[in-house]
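As you go down the protein sequences, you meet chains W and E in turn. Per this note's numbering, the first sequence starts with residue 72, numbered consecutively. Per this note's numbering, the second sequence starts with residue 72, numbered consecutively. All residues carry an ideal CB built from backbone N, CA and C; glycine is no exception. All of these numbers come straight from a predicted model, not from anything done at the bench. Here the structure is laid out as structure tokens; the discussion comes afterwards.
There are 2 protein chains.
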Amino acid sequence: MTTPPSGLRERKKQATREALRAAALRLAVERGPDRVRVEDIAEAAGVSPRTYNNYFASREQAIVSAVTADREARIAAAVAGGPAGVRLADAVTDAVVEQYTSTGEREREALLLITTRTALRDAFLDTTDGIEPPLTAVIAERLGGAGTRTTARVLAASVAAAVRVALENWLRGWRRPGGGVETAEAAGGLDAGGLVVPAGSLPDQLRAALAPLAPALDAAERRAGP
Amino acid sequence: MTTPPSGLRERKKQATREALRAAALRLAVERGPDRVRVEDIAEAAGVSPRTYNNYFASREQAIVSAVTADREARIAAAVAGGPAGVRLADAVTDAVVEQYTSTGEREREALLLITTRTALRDAFLDTTDGIEPPLTAVIAERLGGAGTRTTARVLAASVAAAVRVALENWLRGWRRPGGGVETAEAAGGLDAGGLVVPAGSLPDQLRAALAPLAPALDAAERRAGP
DNA sequence: CAGAAAAAGTGCGTGCACGCAATTTTGCGT
DNA sequence: ACGCAAAATTGCGTGCACGCACTTTTTCTG
Numbered sequence: 072m073t074t075p076p077s078g079l080r081e082r083k084k085q086a087t088r089e090a091l092r093a094a095a096l097r098l099a100v101e102r103g104p105d106r107v108r109v110e111d112i113a114e115a116a117g118v119s120p121r122t123y124n125n126y127f128a129s130r131e132q133a134i135v136s137a138v139t140a141d142r143e144a145r146i147a148a149a150v151a152g153g154p155a156g157v158r159l160a161d162a163v164t165d166a167v168v169e170q171y172t173s174t175g176e177r178e179r180e181a182l183l184l185i186t187t188r189t190a191l192r193d194a195f196l197d198t199t200d201g202i203e204p205p206l207t208a209v210i211a212e213r214l215g216g217a218g219t220r221t222t223a224r225v226l227a228a229s230v231a232a233a234v235r236v237a238l239e240n241w242l243r244g245w246r247r248p249g250g251g252v253e254t255a256e257a258a259g260g261l262d263a264g265g266l267v268v269p270a271g272s273l274p275d276q277l278r279a280a281l282a283p284l285a286p287a288l289d290a291a292e293r294r295a296g297p
Numbered sequence: 072m073t074t075p076p077s078g079l080r081e082r083k084k085q086a087t088r089e090a091l092r093a094a095a096l097r098l099a100v101e102r103g104p105d106r107v108r109v110e111d112i113a114e115a116a117g118v119s120p121r122t123y124n125n126y127f128a129s130r131e132q133a134i135v136s137a138v139t140a141d142r143e144a145r146i147a148a149a150v151a152g153g154p155a156g157v158r159l160a161d162a163v164t165d166a167v168v169e170q171y172t173s174t175g176e177r178e179r180e181a182l183l184l185i186t187t188r189t190a191l192r193d194a195f196l197d198t199t200d201g202i203e204p205p206l207t208a209v210i211a212e213r214l215g216g217a218g219t220r221t222t223a224r225v226l227a228a229s230v231a232a233a234v235r236v237a238l239e240n241w242l243r244g245w246r247r248p249g250g251g252v253e254t255a256e257a258a259g260g261l262d263a264g265g266l267v268v269p270a271g272s273l274p275d276q277l278r279a280a281l282a283p284l285a286p287a288l289d290a291a292e293r294r295a296g297p
């Protein structure tokens with residue numbers, strides 16, 4: 072199941088994809104995101120520009136995918152791999168937090184780059200959509216035949232949306248003038264008066280954004296299980 | 072608040088926008104969606120192609136907006152306008168269902184057109200994103216200062232996601248060979264064996280998709296209210 | 001092990017999105 | 001009424017996404 076069709080052909084594809092990823096990121100860092108044309112990336116990866124577009128639907132996707140990788144699939148795997156006794160809401164939350172806790176130093180650099188351009192920021196946020204399909208599958212399995220498949224999709228899509236909100240909040244406070252971010256009130260950015268200053272670490276933001284969905288996940292799980 | 076800046080200038084803008092909408096839809100129906108270029112739409116509306124792109128970021132948006140109109144804002148208004156005693160979940164669900172119950176005959180025609188092209192279908196589904204901002208505002212108001220603004224955003228985004236799922240389900244069964252759609256089991260498309268046949272009227276699909284989120288809305292409201 | 005079938009890569013052409021800077025239109029103050 | 005500042009429109013140029021048809025590579029099958 073993890074190796075759908077076969078071998079050699081698939082590896083070449085992944086190699087090409089990886090080469091494009093790497094080339095896109097490297098060139099973007101070297102020259103700045105705006106000075107990189109699709110033609111350049113393709114050339115650096117040794118393929119035609121047309122082939123490039125068979126792998127990525129936009130120039131931003133290639134750059135962003137270097138930091139995104141296959142995060143979506145790993146989230147679903149983490150949820151599916153966890154112990155069965157855990158609350159679904161907790162399993163999902165922990166899986167998301169864990170997979171978004173970037174350990175790589177290279178990722179930091181890439182994220183810094185991404186925040187500098189609106190198009191890249193948007194592409195990065197759009198990657199949350201990719202969580203939905205695998206998460207739908209794993210949630211549907213946990214709910215068994217009891218829940219509708221629609222329920223699983225809605226919950227998965229909601230989780231994806233929450234993650235997006237969390238990332239938006241996080242990016243918003245990223246590199247704020249004065250550096251007041253790290254020292255803001257409590258995690259979650261309390262509404263004080265009228266305006267809001269969302270702040271907090273990425274894990275905090277993720278947990279804060281996913282928390283409101285817990286009741287929905289609990290209820291679905293309750294209907295499914297005993 | 073409903074009339075932000077002023078008058079005449081704004082009306083002209085809306086007139087232009089409306090002219091573009093109408094022209095886009097008319098031409099798409101007349102010639103078929105693929106035989107309409109941006110240049111044609113702009114010409115029919117009496118503006119330059121460049122101006123067209125100041126109003127719509129893509130060709131599909133213009134066509135789709137003819138059937139979408141300002142549905143998002145009306146949903147938020149319906150939620151805000153309802154009685155205060157009603158459960159938030161019910162207020163939202165009813166508002167969404169009501170605003171998506173298309174009464175116009177012209178809308179049917181437009182939807183039929185939209186389903187014929189993947190690009191249009193996607194653009195139509197993307198309009199659900201527009202629900203989030205106004206819905207966030209109205210939910211945040213109902214939750215008062217008790218809930219975080221993030222909570223409101225997450226809930227609004229989840230509702231938008233649920234609506235998207237509902238529309239996807241609905242479109243999937245749209246014009247099915249054999250017409251087995253209308254007579255499928257109960258609304259919601261029960262999982263029977265392994266595969267799924269989502270079916271049901273649009274209102275049914277919407278309610279089925281929004282139902283799983285009710286617990287989350289209830290919980291947030293409970294924290295806010297008493 | 002050949003030859004067919006499937007899949008990936010490629011070149012080309014078209015229409016499009018959008019930044020930029022010049023120009024026209026609109027609104028407002030005096 | 002007049003002129004100025006803000007806003008909208010426009011033309012132009014660039015790079016890009018993607019359909020189509022064709023070539024090359026990989027895989028499958030007898």
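Run through DSSP, which three-state label would residue i get?
i, result
"S136 of chain W", "helix"
"D141 of chain W", "coil"
"A128 of chain W", "coil"
"A223 of chain W", "helix"
"S229 of chain E", "helix"
"G152 of chain E", "helix"
"G78 of chain W", "coil"
"A147 of chain E", "helix"
"T187 of chain E", "coil"
"G201 of chain E", "helix"
"L281 of chain W", "helix"
"R108 of chain E", "coil"
"T174 of chain E", "coil"
"G265 of chain E", "Note that G265 of chain E scores a pLDDT of 44, beneath 50, so its modelled location is shaky; the value from the coordinates is reported in the next line. G265 of chain E falls in the coil class under three-state DSSP."
"A291 of chain E", "helix"
"A237 of chain W", "helix"
"A181 of chain E", "helix"
"R97 of chain E", "helix"
Hey, would you say residue i sits closer than 8 Å to residue j, going by beta carbons?
i, j, result
"A147 of chain E", "D289 of chain E", "no"
"A280 of chain E", "V236 of chain E", "yes"
"A291 of chain E", "L214 of chain E", "yes"
"T187 of chain E", "P104 of chain E", "yes"
"T198 of chain W", "V135 of chain W", "yes"
"A144 of chain W", "P205 of chain W", "yes"
"T207 of chain E", "A233 of chain E", "no"
"Y123 of chain E", "A113 of chain E", "yes"
Determine the closest residue to residue i out of the options, with distance taken between C-alpha atoms.
i, options, result
"E180 of chain W", "W:A137, W:L273, W:R294", "W:A137"
"V167 of chain E", "E:A211, E:R142, E:A285", "E:R142"
"K84 of chain W", "W:Y126, W:E176, W:T221, W:A155", "W:Y126"
"N240 of chain E", "E:E169, E:I210, E:Q276", "E:Q276"
"L273 of chain E", "E:L242, E:P120, E:A295", "E:L242"
"V150 of chain W", "W:D165, W:D105, W:T139", "W:D165"
"R293 of chain E", "W:R293, W:P286, W:A128", "W:P286"
"A282 of chain W", "W:A128, W:A140, W:A162, W:R121", "W:A162"
"Q170 of chain W", "W:A295, W:L284, W:R278", "W:R278"
"A133 of chain W", "W:A217, W:R177, W:A155, W:L96", "W:L96"
"A295 of chain W", "W:G152, W:E178, W:G216, W:L196", "W:G216"
"T174 of chain W", "W:G153, W:I185, W:L196, W:T139", "W:T139"
"V209 of chain W", "W:R88, W:G152, W:R121, W:S119", "W:G152"
"A155 of chain E", "E:R102, E:E176, E:E212", "E:E212"
Can you find the residues in the same chain that come closer than 6 Å, C-beta to C-beta, to residue i, ignoring five residues on each side of it along the sequence?
i, result
"E131 of chain E", "A190, L191, A194"
"V107 of chain E", "L98, A99"
Ignore the nearest five residues each way along the sequence and tell me which others in residue i's own chain have a CB closer than 7 Å to its CB.
i, result
"E203 of chain E", "A227, A228, A231"
"G14 of chain E", "Within the shown structure, residues of chain E are numbered from 72 to 297, placing residue 14 of chain E beyond reach of any answer."
"D111 of chain W", "L98"
Short of 8 Å in beta carbon distance, which residues of its chain neighbour residue i, apart from the five on each side in sequence? Order them along the chain.
i, result
"G117 of chain E", "A90"
"G78 of chain W", "none"
"L284 of chain E", "A160, L226, S229, V230, A233"
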